[in-house]
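**Q** Residue numbers (UniProt numbering), protein chains in the order written: chain A, 1 to 508; chain B, 1 to 508.
#1: Output, in chain order, the set of chain B residues within a Cβ distance shorter than 8 Å of residue 382 of chain A.
#2: Is the separation between the beta-carbon of residue 409 of chain B and that of residue 83 of chain A shorter than 7 Å?
#3: Which runs of the alpha helix (DSSP H), 4 residues or longer, sit entirely within the region 385-421 of chain B?
#4: When the Cβ atoms of the region 118-133 of chain B are set against those of the region 312-327 of chain B, are three or more pairs found closer than 8 Å?
#5: Under 7 Å between the Cβ atoms of residue 284 of chain A and residue 406 of chain A?
#6: With 16 as the cutoff for other CB atoms within 10 Å, does residue 208 of chain B come out buried or exposed?
#7: In the DSSP assignment, find the unbroken alpha helix (DSSP H) run with residue 88 of chain A in it and report its ends.
#8: Quick one: grab the DSSP three-state call for residue 382 of chain A.
#9: Using a Cβ-Cβ cutoff of 8 Å, what residues of the region 467-501 of chain A are near chain B? List them in chain order.
#10: For residue 311 of chain A, which of A/494, A/149, A/135 has the nearest alpha-carbon?
#11: Anything in chain A within Cβ reach of residue 405 of chain B, meaning under 7 Å, just list it in chain order.
#12: Hey, how far is the Cα of residue 47 of chain A from the Cα of residue 422 of chain B?
#13: Any C-beta of chain B within less than 7 Å: which residues of the region 86-112 of chain A qualify?
#14: Please report the distance separating the alpha-carbon of residue 305 of chain A from that of residue 363 of chain A.
#15: Starting from the C-beta of residue 95 of chain A, find all residues in its chain whose C-beta is less than 6 Å away, skip the five residues before and the five after it, and write them out in chain order.
#16: Is residue 150 of chain A buried or exposed, if buried means 16 or more other CB atoms sit within 10 Å of its CB?
#17: Using a Cβ-Cβ cut-off of 7 Å (strictly less than) and excluding sequence neighbours within five positions of residue 296 of chain A, which residues of its own chain qualify?
#18: Is there at least one Cβ from chain B nearer than 7 Å to residue 334 of chain A's Cβ?
#19: My assumption, with CB atoms under 8 Å, is that residue 352 of chain B sits in contact with residue 491 of chain B. Please give the rounded CB distance.
#20: Interface residues of chain A around residue 369 of chain B at Cβ under 8 Å?
#21: Indicate whether at least one CB of chain B lies closer than 7 Å to the CB of residue 290 of chain A.
#22: Using only the alpha-carbon positions, how far apart do residue 449 of chain B and residue 299 of chain B sit?
#23: So, does the CB of residue 270 of chain A fall closer than 7 Å to a CB anywhere in chain B?
#24: Among B/384, B/313, B/334, which one has its Cα closest to the Cα of residue 354 of chain B?
#25: Mark residue 335 of chain A as exposed unless 16 or more other C-beta atoms lie within 10 angstroms of its C-beta, in which case mark it buried.
#26: For residue 385 of chain B, which residues in chain A fall below 7 Å Cβ to Cβ?
#27: Does DSSP put residue 377 of chain A in a helix, a strand or coil?
#28: Which residues in the same chain have their Cβ closer than 6 Å to the Cβ of residue 496 of chain B, if we skip the five residues on either side of it in sequence?
#29: List, from N- to C-terminal side, the alpha helix (DSSP H) runs of 4 residues or more that fit wholly inside the region 432-500 of chain A.
#30: Is it buried or exposed for residue 261 of chain B, if we count other Cβ within 10 angstroms and need 16 for buried?
#31: Threshold first: 4 residues or longer. Then list the alpha helix (DSSP H) segments lying entirely within the region 88-163 of chain A, N to C.
#32: Which one of B/447, B/483, B/268 has the shortest CA to CA distance from residue 499 of chain B?
#33: Can you tell me the Cβ-Cβ gap for residue 113 of chain A and residue 346 of chain B, rounded? I've got them flagged as a contact below 8 Å.
#34: Express the C-alpha separation of residue 369 of chain A and residue 265 of chain A in angstroms, rounding to a whole number.
#35: Please name the residue in B/236, B/371, B/359 whose C-alpha comes closest to that of residue 301 of chain B.
#36: From this set, B/163, B/214, B/188, which residue's C-alpha is nearest residue 231 of chain B's C-alpha?
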């Protein structure tokens, strides 16, 4: 408690102490209080500079202590007599006070407590709804047909086609144009065929459908990148500047596989190289990926544990938290009861957002790092610091680096090279991603609302607005807001339509 | 989108660019792509260094641009061919990344949204419960007896007694001991008389009672300080060191009121000085308070507005938010249904805490600053940065400075002087404040549970625990936690007992 009287007016006190000293020489204090203070003061000293003090001459010490005690006593009184000084309150603008680090802890504590409350309330109201077995039924309708699995096996065909085409092109037994056409057809089929299967085969569940289409989309992007890069390599080797080619793709062009394991152009067209790229956690092909020297076992196991843990958590929270809210929000949606709809939307926003955050960590940190570690893939930048993003564009550029990198390298820059303006190219990128968002949602659900598409396209005006009118923390808050509110809104829309489409008919 | 490819491996690219340059000197690019890039590149240049560039020699520019375009083209390709580099994910410990300022915004947004949801839900469930008229009934049972007001008027008697006694003491017509006794009796009555009235007169409402007892307690502390300081002054003037006395209480001892308005000892014993101290926003008496030069009108009005606004808000939130929760938590408390009790406790914690924060701002910033400005009282330090406190003691030392200052000056330090250990003195302070907390709650409610008392005393072990086991942010979080959970717990206890005592009997 001592430190908090350190801010008595120092100047006045100094004066007081001096005069107190002089006063002491003139006259002794009245016995009582003086005695009282010798006591404590002597104690102070002995405690202050412990043992070796005791060894000194006693009488000397007592003299010192008494004189000291008198000074101290005066000092005390002068302090206590004037205990106020002119100063401002911390919260009034006049005092330039700014340190509110405690507030962050406050926010965290409040969030934890209020969510603990929600969790408890939820348990009391619904009991335990978690049911791991149920998850399987999300992937399988009838256990004797595995359409999703079959589709995944088929996907290899397209990979092999792409590889074969490239080989022919490298040999020159296929013209650039022909090769280009083959690639286009191959990719067109990759896009349409699984969609058709998902739409037509009834035993594909929505979740299974999303899984399959997701895989095919990723593969599509990978093969597109594969084709582009190989084309660029041919372009470079057409340019007969050997130095350049060597310096770029391979230091020694004597034999195809250089001594230091650097691969150069035609040498990369192998099955091994192809499948490494297919499984590598990136969408952008490269002849010589940076590789990490070893597989760090502890790192690998930690990521594996995270993967398993978060999978469980995601399932549990969805069953226990999301589904009850969604079910309870069906009625307000049908009645178009606006105030209740808003209440349900906000109620859904929190779990939905938390699940999204967990999913982000689960996929972009745990899973991708796990794969990368397993394949000794060097580049682990799967996301950047999107949580600090102060503009919508910054968010979209940094939360999903593999896709962003692909868009930049194979879509945005080529458009710029073809002389389109930045504005148009950017819109085109958003349009593409909007298309794929819609593709990945509508097809598995077998219903074509444009919520996801519009959701993505709505990012453009939002980006413009935030970019022009909000700065710093306000921009950041706006981005968070759009994330927290935007997603559950789309979710509710789809769920509602899906519910109306399927269950209402049954009830009627 | 341009900036985000600034982190391709710089060394490799540099090499590539150089060799690209050399390569360009040897052989021309194949027409198509070269042409394609001259186009964009020329555009880039003219856009880059606008007007004066146009004035120069055209042919020169085109040459430059074409050579440049070749370089750029190679550069592009070299970039795009190697778009990965070995690096860690931000969230993995290997990358020493630490910047999470976005998280604070996230917390704020989440808090705002979830509370908006609660607010909406509350409105939907209860409708509007706010009723300003009801507030009056909290102070008045029957409009023809105003016991609280009468008590406040009576309080002046004690002030005058204290002043009269001091005058006698200063004249020496009353011995130190006699004066001390008179003061003690005076204060004893101040403590017991209002309590007796509140307990015996049925028309005193709990709120009215708290108000009266609060006022009396403040007055008690003030008068105690008044007595102490005057005693110290006498002690000093007994010490015949004129210099000392002058330097401390007054620069010129010729006449009692010095030229520069500095008052010295006997001269301060005037009605005016006494009542200034009574109304001044401090508990520690001083002969010459620091004064602010003028009354800043804008400041005064802003504080006034805040006072009125927060009063309304506090009442409204209590009626709309607190009371329904408290009512709904009565049943679980009776049934001792632990899980539901916890749920209700957490549910109550949020509004209770927010109301406490508002109350803090309303009282310690708005009201006290308003009074201080009105009285041109200089020292505005009514609180320090308790929100950053990392230990319980730090919190208690900094959230209520007037009381803390009083305890330090008139209770803690005197105890130390009498040779008690810090530990004991500190416990004594907590004991005192625990007593007054209990006094201010139990008497108005007319029931003697020891919840408040125990709540305060529980701070000692808590302080010990936090001080020994938690540091930095954890300590801070613990302090917040104790605030957020501790208060509503005590509130629930009292409300429950009060409810059982009064309403159950009616129902039976």
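No residue lacks a Cβ here, since even glycine has one placed at the ideal position from N, Cα and C. Computed from a prediction, not measured in an experiment: that's the story for all the values here.
**A** Reading it off the structure:
#1: Reading the first chain from its first residue, position 382 is the one you call residue 382 of chain A. Within 8 Å Cβ-Cβ: 89.
#2: Here residue 409 of chain B corresponds to residue number 409 of the second chain, with the count starting at 1. Here residue 83 of chain A corresponds to residue number 83 of the first chain, with the count starting at 1. By the CB criterion at 7 Å, residue 409 of chain B and residue 83 of chain A fall inside the cutoff.
#3: Qualifying alpha helix (DSSP H) stretches, in chain order: 392-398, 401-407, 413-417.
#4: The answer is yes - the region 312-327 of chain B touches the region 118-133 of chain B, with three or more Cβ pairs under 8 Å.
#5: Translated into the one-based positions of the first chain, residue 284 of chain A becomes position 284. Translated into the one-based positions of the first chain, residue 406 of chain A becomes position 406. Between residue 284 of chain A and residue 406 of chain A, the C-beta gap is smaller than 7 Å, which places the two residues in contact.
#6: Position 208 of the second chain holds residue 208 of chain B. When all chains shown are included, residue 208 of chain B counts as buried.
#7: Residue mapping note: residue 88 of chain A aligns to position 88 of the first chain, counting from 1. Element bounds for residue 88 of chain A: n/a, residue is neither H nor E.
#8: By 1-based counting over the first chain, the position of residue 382 of chain A is 382. Coil at residue 382 of chain A, not helix or strand.
#9: Identification of residues in the region 467-501 of chain A having a C-beta nearer than 8 Å to some C-beta of chain B yields 473, 476, 477, 480, 481, 484, 485, given in sequence order.
#10: The sequence position of residue 311 of chain A within the first chain is 311, counting from 1. Closest option to residue 311 of chain A, Cα to Cα, is A/135.
#11: Along the second chain, read from residue 1 onward, the residue named residue 405 of chain B stands at position 405. The contacting residues are 83.
#12: In the first chain, residue 47 of chain A corresponds to position 47, counting from 1. In the second chain, residue 422 of chain B corresponds to position 422, counting from 1. Annotation note: pLDDT 38 at residue 47 of chain A (below 50); position unreliable, coordinate value reported separately. The alpha-carbon atoms of residue 47 of chain A and residue 422 of chain B are separated by roughly 13 Å.
#13: Residues passing the 7 Å Cβ filter: 86, 87, 88, 89, 90, 91, 92, 99, 100, 101, 102, 103, 104, 105, 106, 107, 108, 109, 110, 111.
#14: Translated into positions along the first chain, residue 305 of chain A becomes position 305. Translated into positions along the first chain, residue 363 of chain A becomes position 363. When rounded, the distance between both Cα atoms is 13 Å.
#15: Position 95 of the first chain, counted from the first residue, corresponds to residue 95 of chain A. Taken in chain order, the residues that qualify are 88.
#16: Along the first chain, read from residue 1 onward, the residue named residue 150 of chain A stands at position 150. The Cβ neighbour count for residue 150 of chain A, taken over all protein chains shown within 10 Å, is under 16; the residue is labelled exposed.
#17: Here the question's residue 296 of chain A lines up with position 296 in the first chain. Answer for residue 296 of chain A: 373, listed in chain order.
#18: By 1-based counting over the first chain, the position of residue 334 of chain A is 334. So, not an interface residue.
#19: Mapped onto the second chain, residue 352 of chain B falls at position 352. Mapped onto the second chain, residue 491 of chain B falls at position 491. Confirmed, Cβ separation roughly 6 Å.
#20: Along the second chain, one-based indexing puts residue 369 of chain B at 369. Within chain A, the residues placing a beta-carbon under 8 Å from that of residue 369 of chain B are 89, 92, ordered along the chain.
#21: As a first step, residue 290 of chain A is located in the first chain; it is residue number 290 there, counting from the start. Residue-level contact by beta carbon holds for residue 290 of chain A and chain B, with a gap shorter than 7 Å.
#22: Looking up residue 449 of chain B in the second chain gives position 449. Looking up residue 299 of chain B in the second chain gives position 299. Rounded to the nearest angstrom, the two C-alpha atoms are 43 Å apart.
#23: If you number the first chain from 1, residue 270 of chain A lands on position 270. Cβ-Cβ to chain B under 7 Å: no for residue 270 of chain A.
#24: Here the question's residue 354 of chain B lines up with position 354 in the second chain. Out of B/384, B/313, B/334, the CA that lies nearest to the CA of residue 354 of chain B is found in B/313.
#25: As a position in the first chain, residue 335 of chain A is number 335, starting the count at 1. It counts as exposed.
#26: Stepping through the second chain from its first residue, residue 385 of chain B is reached at position 385. The contact set of residue 385 of chain B on chain A, defined by CB atoms closer than 7 Å, consists of 90, 99 in chain order.
#27: As a position in the first chain, residue 377 of chain A is number 377, starting the count at 1. Per DSSP, reduced to three states, the secondary structure at residue 377 of chain A is strand.
#28: Taking the second chain and counting its residues from 1, one reaches residue 496 of chain B at position 496. Contacts found: 333.
#29: If only complete runs of 4 or more residues are kept, the region 432-500 of chain A shows the alpha helix (DSSP H) at 451-457, 459-469, 472-499, in order along the chain.
#30: Residue 261 of chain B sits at position 261 when you count from the first residue of the second chain. Classification for residue 261 of chain B: exposed.
#31: Annotation: the region 88-163 of chain A contains the following complete segments of the alpha helix (DSSP H) (minimum length 4 residues), in chain order: 102-126, 132-139.
#32: In the second chain, the residue the question calls residue 499 of chain B occupies position 499. Per the Cα distances, B/447.
#33: In the first chain, counting from the first residue as 1, residue 113 of chain A sits at position 113. In the second chain, counting from the first residue as 1, residue 346 of chain B sits at position 346. Confirmed, about 6 Å.
#34: Translated into the one-based positions of the first chain, residue 265 of chain A becomes position 265. Translated into the one-based positions of the first chain, residue 369 of chain A becomes position 369. If you take the alpha carbons of residue 265 of chain A and residue 369 of chain A, they lie about 28 Å apart.
#35: Taking the first residue of the second chain as position 1, residue 301 of chain B is located at position 301. Out of B/236, B/371, B/359, B/371 has the C-alpha closest to the C-alpha of residue 301 of chain B.
#36: Here residue 231 of chain B corresponds to residue number 231 of the second chain, with the count starting at 1. Answer by Cα proximity: B/163.
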